[in-house]
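Okay, so the sequence shown: first residue is 649 according to my numbering, each after it adds one.
First the structure, in the form of C-alpha cells, and then the observations on it.
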Amino acid sequence: MAGHELPNSQSKVDDKELEQQFLAKIAEEIKIEPKDWMPEGYRKTLIRQIAQHAHSEIIGMQPEGNWITRAPTLERKIGLLAKVQDECGHGMYLYSAAETLGIGREELLDRLHDGQMKYSNIFNYPTLTWADIGAIGWLVDGAAIVNQISLCRTSYGPYARAMVRICKEESFHQRQGYAMMVTLAKGTASQISMAQDALNRWWWPSLMMFGPHDSESSHSSQSMAWKVKRQSNDELRQRFIDITVPQADHLQLTIPDPKLKWNEARGHYDFGAIDWDEFWAAVNGPGLCGDKRMKTRVNAHENGQWVRQAAQTYARKHSGSHRAA
Ligand code: FAQ
649 MAGHELPNSQ
659 SKVDDKELEQ
669 QFLAKIAEEI
679 KIEPKDWMPE
689 GYRKTLIRQI
699 AQHAHSEIIG
709 MQPEGNWITR
719 APTLERKIGL
729 LAKVQDECGH
739 GMYLYSAAET
749 LGIGREELLD
759 RLHDGQMKYS
769 NIFNYPTLTW
779 ADIGAIGWLV
789 DGAAIVNQIS
799 LCRTSYGPYA
809 RAMVRICKEE
819 SFHQRQGYAM
829 MVTLAKGTAS
839 QISMAQDALN
849 RWWWPSLMMF
859 GPHDSESSHS
869 SQSMAWKVKR
879 QSNDELRQRF
889 IDITVPQADH
899 LQLTIPDPKL
909 KWNEARGHYD
919 FGAIDWDEFW
929 AAVNGPGLCG
939 DKRMKTRVNA
949 HENGQWVRQA
959 AQTYARKHSG
969 SHRAA
C-alpha cells in the first residue's frame, strides 16, 4: 500500500509544480502550446469554446448560403460566395486548433449533431430578405470581429494564431455587409425600409452574441484568469455598441432601442435591457430555425461520408505505395 502512496503523492507534487510553471507562463504572456502541460480544466474550456466557435462558423454558412442563388448582381454573388467559403475555412482552422488539444474532429461533430455542443444563437434566425445579408455582414461579422480581435491575444497559441487570420477575413466581411447597407440606405423608399427592417430584426440578437451579462456568465471568471478570454462579455458588447451606433447614424437608420443614448459621464452609449429569454430560446429551443439548421448539417455530413472515405482510402494507399518505394 505504502509503495502505491509514494508515487501518487509524488505526482501531486509534480502537478503542483507544473501548474505553477503554467500559471507563470500565463502571467508572463507566454503562449501555451499543444505539448505543454496544462490543467485539465483549461484543456476542457478551450475545447468547448473553440469547438463552439468552429460549429458556429460552419452552421453560419446556412443562413447566408440561402441567398447565393438570389443575389441581385453578379458582383454581389461573387462577394457572398467568397464570404461563405471563408466561413467554412474559419471552421476548418478552428477544428484544427481544437485537434491540437487531443480531440478528433469527428467526435466534435458528433457532439454538435447530438446536441451536446452549442453554436452561436445568431444562426438560428431566418434570413428573410436580401437586406438581411447586408445586416449579417455589418452586425454579425462586426460583433464577431470585436470578440475575435480580443481573442487574438488568447493564451493558447494555436487559437490565437488562427484568430489573427480569421480577423483579417472577418473585416472584409464586415465591410462588404456595410457596403450593401449603404447601397440600400441610399436607395428607393422600399430599399430603405428593407434595410431598416433588417436592422430591427438583427440588432438585439447581435448584442446577445457576446453571451450573458458578466454576472450570469458561468465560465468568464476562470477563462479571464487563464487569459482564454481577455475581455468580458459586457465589455465587448459595449465596445460593439459604441462602434456601431455612429455607423447606423451614417446610414440614417434607427437602432430599435428607445433607451439608446450617449452617456457623457461614462463615455459610452447606454442601452436598453436585453431579452435573455429570447436568447436562451434561440440557443436551446427547437423554435426559429434550430431544427432546420441541424437537419441540413447532419444531411451534409452524411452525404459527405463517401468523400471522407475516398480521401482516407487514397491517403492509405498513397502512404502504402510510398513505404513500398
Ligand atoms: N450563443 O459563461 P459564458 C461568427 C453559452 S462566429 C450560444 O459567458 P463563454 C462568424 C456558453 O457556451 C460566432 N451560446 O460562456 C460568422 C455557455 O454554455 P455552456 C461565434 C452561448 O464561453 C459570421 C453559457 O452560454 N463566436 O459569428 C452564447 O465564457 C457570419 C454561459 O456563457 C465565438 O464562438 C451565444 N452567443 O463566453 C460566421 C467566439 N454565448 O458552453 C458566419 C468564441 C454564451 O457552458 C456568418 N467564443 N453561450 O453550455 C467566445 O468568445 C465565448 O465562448 C463567448 C461566450 C463570449 C461566446
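No residue lacks a Cβ here, since even glycine has one placed at the ideal position from N, Cα and C.
Collapsed DSSP secondary structure at residue i in the structure displayed
i    : result
W851 : helix
Q764 : coil
M942 : helix
Q669 : helix
C815 : helix
S880 : coil
H701 : helix
R887 : helix
W685 : coil
N769 : helix
I674 : helix
G835 : coil
E825 : Reading the sequence as shown, one finds Gly at residue 825 and not Glu. If DSSP states are grouped into helix, strand and coil, G825 belongs with the helices.
G785 : helix
I706 : helix
A719 : coil
I793 : helix
K757 : Checking the displayed sequence, the identity of residue 757 turns out to be Leu instead of Lys. Of the three classes helix, strand and coil, the one that applies to L757 here is helix, per DSSP.
G952 : coil
G651 : Confidence in G651 is poor, its pLDDT being 39 and thus under 50, which makes the residue's placement too unreliable to answer from.
A779 : helix
A921 : coil
G935 : coil
M842 : helix
K968 : A small correction: the amino acid at residue 968 is Gly; Lys does not occupy that position in the sequence shown. Reduced to three states, the DSSP call for G968 is helix.
A959 : helix
M857 : coil
A973 : In this prediction, A973 scores a pLDDT of 43, lower than 50, which makes its location untrustworthy; the coordinate-derived value is nonetheless stated afterwards. Here A973 sits in coil by DSSP.
I695 : helix
For residue i, the nearest candidate out of the options (CA to CA)
i    : options                   : result
K877 : D939, M811, S838 and M828 : M811
F888 : Y804, M857 and L901       : M857
E677 : I695, W874 and T892       : W874
I770 : E705, C800 and Q822       : E705
D862 : I674, R941 and Q886       : Q886
I922 : L671, N932 and P860       : P860
G752 : C800, A929 and R696       : R696
C937 : I840, M686, L908 and Y767 : Y767
E926 : L884, H949, T717 and R849 : R849
N932 : S871, Q764 and P904       : Q764
L694 : W851, G825, Q668 and L799 : L799
G825 : H738, A779, K683 and R956 : A779
R914 : I903, P934, H898 and E883 : E883
A791 : Y917, N881, V946 and D918 : N881
E818 : D734, E864 and H761       : D734
K683 : G805, L728, L757 and K725 : G805
R823 : R956, S866, P853 and I781 : I781
I707 : L899, R718, P774 and P720 : P774
D663 : A672, K673, H966 and W685 : W685
Beta strand (DSSP E) segment containing residue i, residue limits
i    : result
K909 : K909 to N911
H916 : H916 to D918
Beta-bridge partners of residue i, as assigned by DSSP
i    : result
Y804 : I680
Start and end residues, alpha helix (DSSP H) containing residue i
i    : result
Y773 : Unbroken run through Y773: none, as it is neither H nor E.
R724 : L722 to E747
I903 : First-last for I903: undefined, no H or E at that position.
M709 : M709 to G713
E926 : W924 to N932
S863 : No alpha helix (DSSP H) contains S863, which DSSP labels as neither H nor E.
M872 : S868 to A873
Distance cut-off 6 Å: residue i Cβ against heavy atoms of the ligand FAQ
i    : result
N769 : yes
M829 : no
K875 : no
S866 : yes
D789 : yes
S803 : no
S704 : yes
M857 : yes
A628 : Summary: the structure shown does not reach residue 628, with the chain confined to residues 649 through 973, and so no result is reported for it.
Proximity test, Cβ basis, 7 Å: residue i and chain B
i    : result
V830 : Of the protein chains in this structure there is only one, and it is not chain B.
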